[in-house]
Amino acid sequence: GLHIQALFYFLGLKLSARGKLRLAASQRLLSSPMDSVRYFEFDFFLRGLLFGADFQTYLDVSSPRLFPVLFLRKFSNAEATIVNPDAKDLKITKELIAACGLTDRCWLIRVLISDLKLPEGSFDLISSISAIEHIPGDGDIFALEKMWRLLRPCGKLFISVPCAREAFEEYIDYNEY
């Protein structure tokens, strides 16, 4: 996870020096951009993507916004579609994508994954980091089926869900350890 934190720190420095991001947002990247659990997930996902992959098309389903940024910076030829039904979250993601100069190859769509209208087999990679469990009812099953249909043959589907005996809310200002 320290590798991921270092990537965010240097991204924060770069964006801060260029004046591309509001001061508060770049300070969060410099100090503590997310809950500590995310560092393990991001590192696991990023390492899993490095094994002989050449991704051209990428779909992210409501993951924390920093992962798609890492992905796009790592795979400079890839194009990304980010779906998220949360308008506030999508607005912040859009600001970060713009600050990083990634708007020419990243599309943000405010929609539930179940309502996404794209052809089957459209993506080489689909990720959803600790988001699918927030879909109510049987929506999580429908979301998985939809993601599977959107994946190209031999594509990769990366999904994580929290593993805890009891559910709890994660906040960056609370250290559960």
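Quick note on numbering: the numbering used here labels position 100 of the sequence shown as 120, and the sequence is numbered without any gaps. Virtual Cβ for every residue (Gly too), placed ideally from N, Cα, C. Because the structure is a prediction, the values reported are computed rather than measured.
Please work out which residues of its chain come closer than 6 Å, Cβ to Cβ, to residue i, disregarding the five sequence neighbours upstream and downstream, and give them in chain order.
i      : result
Leu132 : Pro105
Gly141 : Arg172
Tyr197 : Its pLDDT being 46, under 50, Tyr197 is placed unreliably in this model, and the coordinates cannot settle the point.
Trp127 : Thr101
Leu27  : none
Lys34  : none
Ile155 : Ala163
Tyr194 : Because the pLDDT of Tyr194 is 49, which lies under 50, any placement of that residue in the model is unreliable, and the question is left without a value.
For residue i, would you say it is in contact with chain D, using Cβ-to-Cβ distances shorter than 8 Å as the test?
i     : result
Leu90 : Absent from the structure: chain D. Only one protein chain is present.
Taking the alpha-carbon of residue i as reference, which of the options has the nearest alpha-carbon?
i      : options                          : result
Asn97  : Arg125, Leu86 and Cys174         : Arg125
Ile117 : Glu140, Lys108, Ala107 and Leu90 : Leu90
Leu69  : Phe95, Thr113 and Gly39          : Phe95
Ala119 : Arg93, Asp74 and Glu99           : Arg93
Leu138 : Glu61, Arg169 and Pro88          : Arg169
Closer than 7 Å by C-beta to residue i: which residues in its own chain qualify, once you throw out the five before and the five after it? Chain order, please.
i      : result
Glu165 : none
His23  : Asp63
Ile112 : Arg85
Hey, residue i and residue j: beta-carbon distance below 8 Å or not?
i      : j      : result
Arg130 : Leu145 : no
Ser83  : Ser134 : no
Val103 : Ser150 : no
Phe178 : Tyr78  : no
Could you tell me the boundaries of the beta strand (DSSP E) in which residue i lies?
i      : result
Pro139 : From DSSP, Pro139 is part of no beta strand (DSSP E); its letter is neither H nor E.
Ile179 : Leu171 to Ser180
Ile129 : Cys126 to Ile129
Check for me: the alpha helix (DSSP H) holding residue i runs from which residue to which?
i      : result
Gly157 : Where Gly157 is concerned, there is no enclosing alpha helix (DSSP H), given that its DSSP letter is neither H nor E.
Scan the region 53-115 and note each continuous beta strand (DSSP E) run of 3 residues or more that stays entirely inside, going in chain order. The region 53-115 is shown to contain whole beta strand (DSSP E) runs of 3 or more residues at 77-81 and 99-103, in chain order.
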